[in-house]
Structure formats: structure tokens, C-alpha cells
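Novice: Supplied in C-alpha cells, the structure appears directly below.
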Amino acid sequence: MKIYPRQHHRVLQVITRLMVPFVLMFGLYVQFHGDYGPGGGFQAGVIFASAFILYGLIFGLHRTRKVLPPSTLRWLVSFGVLLYAGTGLLTMLLGGNLLDYDVLASNPLSGQHWGIFAVELGVGITVTSVMISLFYGFASKR
Amino acid sequence: MFVAAALALLATMILTIVRALSGPTLYDRLLAANSFGTKIVLFIAVYGFLAGRPDFLDIALVYTLINFVGTVAVLKFYEYDDSVGGDYQEDDY
Numbered sequence: 001m002k003i004y005p006r007q008h009h010r011v012l013q014v015i016t017r018l019m020v021p022f023v024l025m026f027g028l029y030v031q032f033h034g035d036y037g038p039g040g041g042f043q044a045g046v047i048f049a050s051a052f053i054l055y056g057l058i059f060g061l062h063r064t065r066k067v068l069p070p071s072t073l074r075w076l077v078s079f080g081v082l083l084y085a086g087t088g089l090l091t092m093l094l095g096g097n098l099l100d101y102d103v104l105a106s107n108p109l110s111g112q113h114w115g116i117f118a119v120e121l122g123v124g125i126t127v128t129s130v131m132i133s134l135f136y137g138f139a140s141k142r
Numbered sequence: 001m002f003v004a005a006a007l008a009l010l011a012t013m014i015l016t017i018v019r020a021l022s023g024p025t026l027y028d029r030l031l032a033a034n035s036f037g038t039k040i041v042l043f044i045a046v047y048g049f050l051a052g053r054p055d056f057l058d059i060a061l062v063y064t065l066i067n068f069v070g071t072v073a074v075l076k077f078y079e080y081d082d083s084v085g086g087d088y089q090e091d092d093y
């Protein structure tokens, strides 16, 4: 039942355009402030992906695919996992245990900082791209 | 002060749940669900200050965003029978 066919939903479009940058910004805040407050890679990934999902719901799958093509997404899914695993292997190559961040920098404190930064970034990238891939997969189904 | 606000919010949450369960039309239920989400956001904020952890405001912000996306998705599902099909989307303006 379509009461108003071909209407443009102007309010939703304007609100979405206003909100999407702030959602992305908040996702980045949760990602990089995770050491000091609630947050971390997984939550930041979901928030970041929800901005793309909102854009896709309002402006259509076609335009969202132009912004973030599925071929790029496939690369990003693997890149996050590789960043995580690569950090672990790098610590092993530098003489520590797997994901033993202390050896990454000259003093253990900044080593821990950079290690957790890289691992959380990998988690965030993978979660973002997997969430958007799931949205593409379900939404393009007829 | 915060305890009174939290109790009042709990009372309004019960009222919106009743409306969501007994609403005669779909839009009553949707509006009740959306306003229940808003109440949850307020409750998280009030509880954060009650427990002395203002960090909860971040969680409240996230809940606002997800609530908005969820309501738009459900409304669009009922309007167009599929979540991203809609005729109007291919229009470039």
C-alpha cells in the first residue's frame, strides 16, 4: 500500500545529510578514545558502519555502492585481520611473545600504546566492512 | 534528585510499553517503540550521573543514533515492503 508514491522524503534526506558526518566522527572518537572511556574497535566499527547503513536506507543502495564499492570492502575485511595478525607476528619477530606489545617501542608504555592502537584499528576496520557487507548482502536480495 | 528523575522515567517507560503492546494501529506501536528508545537514552544518562560515571553519556549518544536508524528502517520496510528498493531513490536532484 503506497499512500504517497514517489515522494522525496525531504526531511529524512536533510537530516541524514546532517547526521552522517557526526556519526562518522563519533565512531572515530569511540575508536581512538577507547583507552580512556567506554569503547573500542568493535563498537567503533558498528557505529561507523551504521552511518553507511543510514545513508543506504535513505539514498538507496545504488548510491551507497558508489561511495564504498563491494570490491573495496572485500579488501578492507582482509586488511583489518591482516593488521591484527601482522601486529602479533611483528612482536614475535622483534623477540617477544605473540601480541606482546612491550617490544614495539623503546619503552614498554608507548609500546603497549601503539600495539593496542594497531590491533584496535584492525578490529574496527574489519567490523565496519563486515557490517556493511552484511547490509549489502541482505539489502540487494530480491 | 536523580533518583526521582530515574523513577519518573521508569514510570513513563512502563506507560510506553503498555501503549506499544496495546496500540490499535501500527503507527501507535512504532511511535511507542521510538519514544521508549528515547526514554532509555534519558535513563542511561540519569543513571550515569546517579552512579557517578558520566562516561555513560557516550553510550546514550550511541543509543540515540541506533534508535534513529532502526526506526527509519522499520518505517521504510512497512512503506515500501523492502528495505532499500523504493521508487524515489533513483531520482537525482
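Just so you know, the protein sequences line up as chains A and B, in that order. According to the numbering used here, the stretch in the first sequence is residues 1 to 142, in order. According to the numbering used here, the stretch in the second sequence is residues 1 to 93, in order. Ideal placement from N, C-alpha and C gives every residue a C-beta, glycine not left out.
If the criterion is Cβ atoms closer than 8 Å, does the pair Ile53 (chain A) and Phe135 (chain A) meet it?
Specialist: Taking the first sequence and counting its residues from 1, one reaches residue 53 (chain A) at position 53. Taking the first sequence and counting its residues from 1, one reaches residue 135 (chain A) at position 135. Contact flag set, yes.
Novice: Tell me, please, whether the CB atom of Phe48 (chain A) is closer than 8 Å to any CB atom in chain B?
Specialist: Numbered from 1 along the first sequence, position 48 holds the residue referred to as residue 48 (chain A). No, Phe48 (chain A) lies away from the interface with chain B (no Cβ there is under 8 Å from its Cβ).
Novice: Looking at the structure shown, is Pro108 (chain A) part of a helix, part of a strand, or coil, going by DSSP?
Specialist: Counting from 1 along the first sequence, the entry for residue 108 (chain A) is found at position 108. Pro108 (chain A) falls in the helix class under three-state DSSP.
Novice: Spatial neighbours of Lys66 (chain A) within its chain, please: CB distance less than 6 Å, with the 5 preceding and 5 following residues excluded, ordered by chain position.
Specialist: The count along the first sequence starts at 1 and reaches residue 66 (chain A) at position 66. Excluding sequence neighbours, Lys66 (chain A) sits near nothing in its chain.
Novice: Pop quiz: Met13 (chain B) and Phe49 (chain B) are said to be a contact at Cβ under 8 Å. What is the actual Cβ separation, rounded to whole angstroms?
Specialist: Locating residue 13 (chain B) in the second sequence gives position 13, where the first residue counts as 1. Locating residue 49 (chain B) in the second sequence gives position 49, where the first residue counts as 1. Not quite, the Cβ-Cβ distance comes to about 18 Å (not below 8 Å), so this is no contact.
Novice: 8 Å is my cut-off, CB to CB: does Val69 (chain B) come that close to chain A?
Specialist: Sequence index remark: in the second sequence, residue 69 (chain B) carries index 69 (1-based). By this cut-off, Val69 (chain B) is an interface position.
Novice: Can you check whether the CB of Val127 (chain A) is closer than 8 Å to the CB of Phe42 (chain A)?
Specialist: On the first sequence, position 42 is the one that residue 42 (chain A) refers to. On the first sequence, position 127 is the one that residue 127 (chain A) refers to. Contact flag set, yes.
Novice: Met25 (chain A) by DSSP, collapsed to three states: which one?
Specialist: Taking the first residue of the first sequence as 1, we reach residue 25 (chain A) at position 25. Correct three-state label for Met25 (chain A): helix.
Novice: Helix, strand or coil for Asp102 (chain A), going by three-state DSSP, please let me know.
Specialist: Within the first sequence, the letter at position 102 stands for residue 102 (chain A). Correct three-state label for Asp102 (chain A): helix.
Novice: List, in chain order, every chain C residue whose beta-carbon is nearer than 9 Å to that of Pro69 (chain A).
Specialist: Within the model displayed, chain C is absent; protein chains A and B are what it includes.
Novice: With distances taken from CA atoms, which of B:Ala5, B:Phe77, B:Val74 and B:Ser22 is nearest Lys39 (chain B)?
Specialist: As a first step, residue 39 (chain B) is located in the second sequence; it is residue number 39 there, counting from the start. Comparing Cα positions, the closest option is B:Ala5.
Novice: Interface residues of chain B around Gly39 (chain A) at Cβ under 8 Å?
Specialist: Position 39 of the first sequence, counted from the start, is the residue given in the question as residue 39 (chain A). Near Gly39 (chain A) (Cβ distances below 8 Å), the residues of chain B are Asp58.
Novice: Does Leu50 (chain B) have its Cβ less than 8 Å from a Cβ in chain A?
Specialist: Locating residue 50 (chain B) in the second sequence gives position 50, counting from the first residue. Leu50 (chain B) does not count as touching chain A.
Novice: Can you say whether Gly52 (chain B) is buried or exposed, counting buried as having 16 or more other CB atoms within 10 angstroms of its CB?
Specialist: As a working mapping, residue 52 (chain B) is identified with position 52 in the second sequence. Exposed.
Novice: Where Gly86 (chain A) and Gly34 (chain A) are concerned, what is the direct C-alpha to C-alpha distance, given to the nearest angstrom?
Specialist: For the purposes of this step, residue 86 (chain A) is identified with residue 86 of the first sequence, where counting begins at 1. For the purposes of this step, residue 34 (chain A) is identified with residue 34 of the first sequence, where counting begins at 1. Whole-angstrom Cα-Cα distance: 21 Å.
Novice: Is it true that the CB of Val72 (chain B) sits closer than 8 Å to the CB of Leu61 (chain A)?
Specialist: Locating residue 61 (chain A) in the first sequence gives position 61, where the first residue counts as 1. Locating residue 72 (chain B) in the second sequence gives position 72, where the first residue counts as 1. Not a contact, by the Cβ cut-off of 8 Å.
Novice: Just verifying my parser: in three-state terms, what is the DSSP assignment at Met92 (chain A)?
Specialist: Along the first sequence, read from residue 1 onward, the residue named residue 92 (chain A) stands at position 92. Reduced to three states, the DSSP call for Met92 (chain A) is helix.
Novice: Quick check: the Cα distance between Asp87 (chain B) and Val14 (chain A), rounded to an integer number of angstroms?
Specialist: Your numbering for residue 87 (chain B) matches position 87 in the second sequence. Your numbering for residue 14 (chain A) matches position 14 in the first sequence. Confidence at Asp87 (chain B) is low in this model, with a pLDDT of 47, below 50, so its placement is unreliable and the value that follows should be read with caution. Between Asp87 (chain B) and Val14 (chain A), the C-alpha separation is close to 18 Å.
Novice: Apart from the five residues just before and just after Ser133 (chain A), which ones in its own chain have a Cβ nearer than 6 Å to its Cβ?
Specialist: Working through the first sequence from its first residue, we reach residue 133 (chain A) at position 133. Closer than 6 Å at Cβ, skipping near neighbours: Leu73.
Novice: Spatial neighbours of Phe2 (chain B) within its chain, please: C-beta separation below 6 Å, excluding the five flanking residues on both sides.
Specialist: In the second sequence, the residue the question calls residue 2 (chain B) occupies position 2. So the qualifying residues of the chain are Val46, Phe49 and Leu50.
Novice: Can you give the Cα-Cα distance for Ser129 (chain A) and Tyr78 (chain B), rounded to whole angstroms?
Specialist: Counting from 1 along the first sequence, the entry for residue 129 (chain A) is found at position 129. Counting from 1 along the second sequence, the entry for residue 78 (chain B) is found at position 78. Answer to the nearest angstrom: the Cα atoms are 27 Å apart.
Novice: At a Cβ threshold of 8 Å, is Ala73 (chain B) touching chain A?
Specialist: For the purposes of this step, residue 73 (chain B) is identified with residue 73 of the second sequence, where counting begins at 1. Yes, Ala73 (chain B) lies at the interface with chain A (some Cβ there is under 8 Å from its Cβ).
Novice: For Tyr36 (chain A), which three-state DSSP category applies?
Specialist: In the first sequence, the residue the question calls residue 36 (chain A) occupies position 36. Three-state DSSP puts Tyr36 (chain A) in coil, outside helix and strand.
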